[in-house]
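In our numbering, the protein residues as written are 559 to 676.
To start, the structure itself, in structure tokens.
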């Protein structure tokens, strides 16, 4: 990861989500920070240091959270913690992951002061 596009607290503020770590001590987790250099919705193309977004369509993206962490995801945006999520894995829990992805996109656009051409 070269540049952090999101810190844990920025992503939580943008989505209104709750930061937690599966199986970890929440008091210890809150003091820790992660950063992500990108966002991915597909574990086949996920790059180390990206946030994995568990979207649900034909397949439920929550089935791939473990794989995302095995490939180096810095965190996962989820609606629930899958049972096979590694202990201590950083999660950003939101009611709806598609809406959470939209929230991240809106926040990213708002912090870009470049010209927009429609």
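Even glycine gets a Cβ: it sits at the ideal position worked out from N, Cα and C.
Around residue 613, the same chain offers 599, 619, 655, 656, 659 as residues with beta carbons nearer than 8 angstroms, after the five sequence neighbours per side are excluded. The alpha-carbon of residue 669 is positioned some 11 angstroms away from that of residue 563. In the DSSP assignment, the residues bridged to residue 597 are 609.
For residue 659, the enclosing alpha helix (DSSP H) covers residues 655-668. Shown here, residue 651 sits in a strand according to DSSP, grouped into three states. One thing to note: residue 580 has its Cβ within 8 angstroms of the Cβ of residue 643.
As a beta-bridge residue in DSSP terms, residue 618 pairs with 614. For residue 569, the uninterrupted alpha helix (DSSP H) segment begins and ends at 566-573. Taking each of 646, 637, 673 in turn and checking the Cα distance to residue 573, the smallest one comes out for 637.
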